[in-house]
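Novice:
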Amino acid sequence: MSSSPIRDKAIGVLWPLLGGVSILALWYFVIIVFKVPDYIAPAPHEVLKVVIDQFDLLVANTIPTLQESVLGFLLGNGVAILIAIMFVHNMTVSRMYYPIAILANTIPIIAISPILVLIFGLGMAPKIVISAIICFFPTLVNMIRGFNSISHSELELMRILSANKREVFWKLRMQRSLPFLFSALRIASTTCVIGAIVGEWIGSNLGLGALIIQATFNYRSGLLYAAILGASLLAITLFAIVVLLEKKFLRWTH
Amino acid sequence: MLGAHDPISGKIDSAANLRNVRVTFGQGEASFTAVEDVSLKINQGELITLIGPSGCGKSTLLRIIAGLIPQSAGEIEILGGTAEDARKRRDIGFVFQDSTLLPWRSALENVALPLEVGPGKGKKSKKAMAEPKQLLEMVGLGGRENAMPRELSGGMRQRVAIARALVGSPRILLMDEPFGALDEITRDRLNEELLQIWRETGATIVFVTHTISEAAYLGQRVVVMAANPGRIIEVVDMKPFKQENKISRDDMLFNEGISHLRHLLSQGEGEGGV
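If you read the protein sequences in the order shown, they are chains A and B.
For the first sequence, my numbering assigns the number 492 to the last residue and increments by one with no breaks.
For the second sequence, my numbering assigns the number 294 to the last residue and increments by one with no breaks.
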């Protein structure tokens, strides 16, 4: 058995590619055998046709969703990090509000989305807020765990060196929290898109969420599938950016 | 006041002076006495080792000297003052059993940490990095400045930790079973190198270990401790067991010293309630 790195890599790509092809084949098989009508589920090539024909429409609706997702991502994670810092530095605040934060996390976000639309109106704001809330909790919980993941001897080392609280935070806690932060950001990079789309479902005539609703009600299943494809690509792109940032800023764990 | 300052020369005669120190953790029924009535005077420049079974409070004693754990009773004087002040002057270096290197920092950056934190810190300039670089060379890691901790062996990581503890030329070096997790061959070599560092720096070294031969080999004096409660049984002067200028591990005399320590330790075990 001979193996070269290039060949291993090629095989590594080949298998999932084969998996994808098999799923497409299954898709065609089901549609042909069960005679599924176009308006229920389109064949893959019809989805591709819509993507090409209606490219401008898809892009026009992807941009607002992208903006909402990214702004929601930044807002939700930013606030989560700030609150985690506050919790770590103030035991009283942490004791008072951390259990409430955990409890609030159990509320299904879709259930409170109408409330947010009522408060923030029909513009971009409620979508950003919903997206932010979805990102917020995993990051908050992970950041607090990360800040507290320092070892006893690391803390003793800092005491030996007479380091103050700020130095312990920047030289130790912040660094220790980074692996936890990035695993939360990986989750948030895909959930922020979900948040934006849910927000668009409730009240919007622009964005991938709105397009999905309209296409469904009009039985334009080709457009529906194309919109879903757009949403996936958006989430994958954001995920890839997070992974790239992680590779750049978190060399020591690899 | 303890008589730490020599009134004539103004010099401090002891590195650490502990009198009737007791440390109790917790309160009421759940309280636990880690060390009981410990008195010990550690001379400047001496290499003293602490040995005893687990639970004898040897690590606690080291942390009392470092000022990391407050005593419940008794008096403590470190270099004629408090441990806190000594730490601020970088007069106390500490080496942990696990090297406690920060994994996101290179070997050199780890050694330079004491220059970046604390009250006496200076800006990290090219000049300031001269000391960490020199110290890395001293522990035999010249050329490995940019290695990350995960790329280093256990012995190498411990050398980096020693170099870090030596930043600022501390007058007291406290070592908590620093070679306990290493294989015997590496440990013997690091023992040798530690003696070299001790001679070069002239620092007082307080070395905790649970290995009798290591305690005997390194220590000018060996503090033998027992558990339940943690206490000092005897402080053994090792000079009679060592030939001048050179110590051999195979020496008959040296083995007598080891036997003596072993005897004391088993006695201590018999006394203590379990």
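Even for Gly, the Cβ is constructed at its ideal location relative to N, Cα and C.
(1) In whole angstroms, give me the CA-to-CA distance for B/Ala181 and A/Ile435.
(2) Can you give the beta carbon distance from A/Ile382 to A/Val326, rounded, assuming they're within the 8 angstroms contact cut?
(3) Can you give me the start and stop residues for the alpha helix (DSSP H) that B/Glu213 sits inside?
(4) Quick check on the DSSP output: the beta strand (DSSP E) that includes B/Phe114 runs from which residue to which?
(5) Among A/Ala422, A/Asn386, A/Ile357 and A/Lys403, whose alpha-carbon lies nearest the alpha-carbon of A/Arg414?
(6) With DSSP run on the structure shown, which of helix, strand or coil describes A/Ile278?
(7) When you compare each of A/Phe358, A/Ala281, A/Lys365 and A/Ile432 to A/Trp265 by their alpha carbons, which one comes out closest?
(8) Which residues in chain B have a C-beta closer than 9 angstroms to the C-beta of A/Gln413? List them in chain order.
(9) What's the gap between the Cα of B/Glu204 and the Cα of B/Thr102?
(10) CA-CA distance, B/Gly138 and A/Phe407?
(11) With B/Leu281 and B/Ile232 assumed to form a contact (beta carbons below 8 angstroms), what rounded beta-carbon distance in angstroms separates them?
(12) Locate the alpha helix (DSSP H) running through B/Glu157, then write down its first and last residues.
(13) A/Met396 versus chain B: which residues are under 8 angstroms apart at the beta carbon?
(14) Can you tell me whether B/Lys61 is helix, strand or coil according to DSSP?
(15) Give me the DSSP bridge partner(s) of A/Leu378.
(16) If you reduce the DSSP assignment to three classes, tell me which class B/Phe45 lands in.
(17) Of all the residues that make up the stretch 158-169 of chain B, which are near chain A by a beta-carbon distance shorter than 8 angstroms?
(18) Report yes if the C-beta distance between A/Ser427 and A/Phe358 is below 7 angstroms; otherwise report no.
(19) For B/Glu165, which of helix, strand or coil comes out of DSSP?
(20) Would B/Leu38 and B/Val55 qualify as a contact pair, given that the criterion is a beta-carbon distance under 7 angstroms?
(21) Using a Cβ-Cβ cutoff of less than 8 angstroms, which residues in the same chain neighbour A/Leu472 once the five nearest sequence positions on both sides are dropped?
(22) Which of helix, strand or coil does DSSP assign to B/Phe227?
(23) Near B/Leu121, which residues of its chain fall below 7 angstroms by C-beta distance, leaving aside the five closest residues on each side in sequence?
(24) Looking at C-alpha atoms only, which residue of A/Gly460, A/Met334, A/Leu356 and A/Lys287 is the closest neighbour of A/Pro275?
(25) Helix or strand or just coil, what does DSSP make of B/Arg241?
(26) Does the beta carbon of A/Ser391 sit closer than 7 angstroms to a beta carbon anywhere in chain B?
(27) Roughly how many whole angstroms lie between the Cα atoms of A/Met362 and A/Val285?
(28) What are the residues in the stretch 100-116 of chain B lying within 7 angstroms of chain A by C-beta distance?
(29) For B/Ala246, which beta-bridge partners are listed by DSSP?
(30) What separation, rounded to the nearest whole angstrom, lies between the Cα atoms of B/Ile278 and A/Lys247?
(31) Go through the stretch 443-473 of chain A residue by residue and report every complete run of the alpha helix (DSSP H) that reaches 4 residues or more, in order.
(32) Indicate whether B/Ala167 and B/Ala127 have their beta-carbon atoms separated by less than 7 angstroms.
(33) Throw me the rounded Cβ distance for the B/Leu99 and B/Ala35 pair, which I believe falls under 8 angstroms.
(34) Identify whether B/Arg269 lies in helix, strand or coil by the three-state DSSP scheme.
(35) Please confirm whether A/Asn380 and A/Ala349 have their CB atoms less than 7 angstroms apart.
(36) Beta carbon of A/Gly310, beta carbon of A/Ala370: below 7 angstroms?
Specialist: Taking the geometry as given:
(1) Within the second sequence, numbered from 1, the residue matching residue 181 of chain B stands at position 161. Within the first sequence, numbered from 1, the residue matching residue 435 of chain A stands at position 197. Each residue's Cα considered, the two are about 52 angstroms apart.
(2) Numbered from its first residue, the first sequence carries residue 382 of chain A at position 144. Numbered from its first residue, the first sequence carries residue 326 of chain A at position 88. Rounded, the Cβ-Cβ distance is 7 angstroms, consistent with contact.
(3) Residue mapping note: residue 213 of chain B aligns to position 193 of the second sequence, counting from 1. Glu204 to Thr221 is the span of the alpha helix (DSSP H), which, as asked, contains B/Glu213.
(4) Here residue 114 of chain B refers to the residue found at position 94 when the second sequence is read from its first residue. From DSSP, the beta strand (DSSP E) with B/Phe114 extends over Ile112 to Val115.
(5) Here residue 414 of chain A corresponds to residue number 176 of the first sequence, with the count starting at 1. When only C-alpha atoms are compared, the closest one is A/Asn386.
(6) The count along the first sequence starts at 1 and reaches residue 278 of chain A at position 40. Coil at A/Ile278, not helix or strand.
(7) Working through the first sequence from its first residue, we reach residue 265 of chain A at position 27. Measuring from the Cα of A/Trp265, the nearest candidate turns out to be A/Ala281.
(8) Within the first sequence, residue 413 of chain A is the residue found at index 175, counting from 1. Residues of chain B passing the Cβ test: Leu122, Pro123, Trp124 and Arg125.
(9) Taking the second sequence and counting its residues from 1, one reaches residue 204 of chain B at position 184. Taking the second sequence and counting its residues from 1, one reaches residue 102 of chain B at position 82. Answer to the nearest angstrom: the Cα atoms are 37 angstroms apart.
(10) For the purposes of this step, residue 138 of chain B is taken as the residue at position 118 of the second sequence. For the purposes of this step, residue 407 of chain A is taken as the residue at position 169 of the first sequence. Taking the straight line joining both Cα atoms gives about 13 angstroms.
(11) For this step, residue 281 of chain B is matched to residue 261 along the second sequence. For this step, residue 232 of chain B is matched to residue 212 along the second sequence. With 8 angstroms as the limit, B/Leu281 and B/Ile232 qualify as a contact, their Cβ atoms being about 5 angstroms apart.
(12) Within the second sequence, the letter at position 137 stands for residue 157 of chain B. Ala150 to Met158 is the extent of the alpha helix (DSSP H) around B/Glu157.
(13) If you number the first sequence from 1, residue 396 of chain A lands on position 158. The answer, in chain order, is Val137.
(14) Here residue 61 of chain B corresponds to residue number 41 of the second sequence, with the count starting at 1. Three-state DSSP puts B/Lys61 in a strand.
(15) The residue you call residue 378 of chain A lines up with position 140 of the first sequence. Note: A/Leu378 sits in no beta bridge, so no partner.
(16) Counting from one through the second sequence, the residue named residue 45 of chain B turns up at place 25. Strand.
(17) For the stretch 158-169 of chain B, which is checked against every Cβ of chain A, the residues closer than 8 angstroms are Met168.
(18) Looking up residue 427 of chain A in the first sequence gives position 189. Looking up residue 358 of chain A in the first sequence gives position 120. Against a cut-off of 7 angstroms, the Cβ pair of A/Phe358 and A/Ser427 comes out as no contact.
(19) Along the second sequence, one-based indexing puts residue 165 of chain B at 145. Of the three classes helix, strand and coil, the one that applies to B/Glu165 here is coil, per DSSP.
(20) Counting from one through the second sequence, the residue named residue 38 of chain B turns up at place 18. Counting from one through the second sequence, the residue named residue 55 of chain B turns up at place 35. No, the pair does not count as a contact, with Cβ atoms beyond the cut-off.
(21) Residue mapping note: residue 472 of chain A aligns to position 234 of the first sequence, counting from 1. Contacts found: Thr300, Thr303, Leu304, Ser307, Val431 and Leu446.
(22) In the second sequence, the residue the question calls residue 227 of chain B occupies position 207. If DSSP states are grouped into helix, strand and coil, B/Phe227 belongs with the strands.
(23) Walking along the second sequence from the start, residue 121 of chain B turns up at place 101. Hits under 7 angstroms: Asn130, Pro169, Arg177, Val180 and Ala181.
(24) Here residue 275 of chain A refers to the residue found at position 37 when the first sequence is read from its first residue. Checking every option, the nearest Cα to that of A/Pro275 belongs to A/Gly460.
(25) Residue 241 of chain B sits at position 221 when you count from the first residue of the second sequence. DSSP places B/Arg241 in strand when its eight states are reduced to three.
(26) As a working note, residue 391 of chain A is residue 153 in the first sequence. Yes, because at least one Cβ of chain B sits closer than 7 angstroms to the Cβ of A/Ser391.
(27) Counted from its first residue, the first sequence places residue 362 of chain A at position 124. Counted from its first residue, the first sequence places residue 285 of chain A at position 47. Separation of A/Met362 and A/Val285 (C-alpha to C-alpha, rounded to the nearest whole angstrom) is 28 angstroms.
(28) Arg107, Lys108, Ile112, Phe114 and Phe116
(29) To locate residue 246 of chain B, count along the second sequence from 1; it is residue 226. Note: B/Ala246 sits in a beta bridge opposite B/Arg251.
(30) Within the second sequence, numbered from 1, the residue matching residue 278 of chain B stands at position 258. Within the first sequence, numbered from 1, the residue matching residue 247 of chain A stands at position 9. In a straight line, the C-alpha of B/Ile278 is about 59 angstroms away from that of A/Lys247.
(31) 446-455
(32) Working through the second sequence from its first residue, we reach residue 167 of chain B at position 147. Working through the second sequence from its first residue, we reach residue 127 of chain B at position 107. Going by C-beta atoms, B/Ala167 is nearer than 7 angstroms to B/Ala127.
(33) For this step, residue 99 of chain B is matched to residue 79 along the second sequence. For this step, residue 35 of chain B is matched to residue 15 along the second sequence. Yes, they are in contact, since the Cβ atoms of B/Leu99 and B/Ala35 sit about 6 angstroms apart, within 8 angstroms.
(34) Position 249 of the second sequence holds residue 269 of chain B. In the structure shown, B/Arg269 sits in coil (DSSP, three-state: anything other than H, G, I, E or B).
(35) Taking the first sequence and counting its residues from 1, the one referred to as residue 380 of chain A is at position 142. Taking the first sequence and counting its residues from 1, the one referred to as residue 349 of chain A is at position 111. No, they are not a contact pair.
(36) The residue you call residue 310 of chain A lines up with position 72 of the first sequence. The residue you call residue 370 of chain A lines up with position 132 of the first sequence. In this structure, A/Ala370 lies closer than 7 angstroms to A/Gly310 by Cβ.
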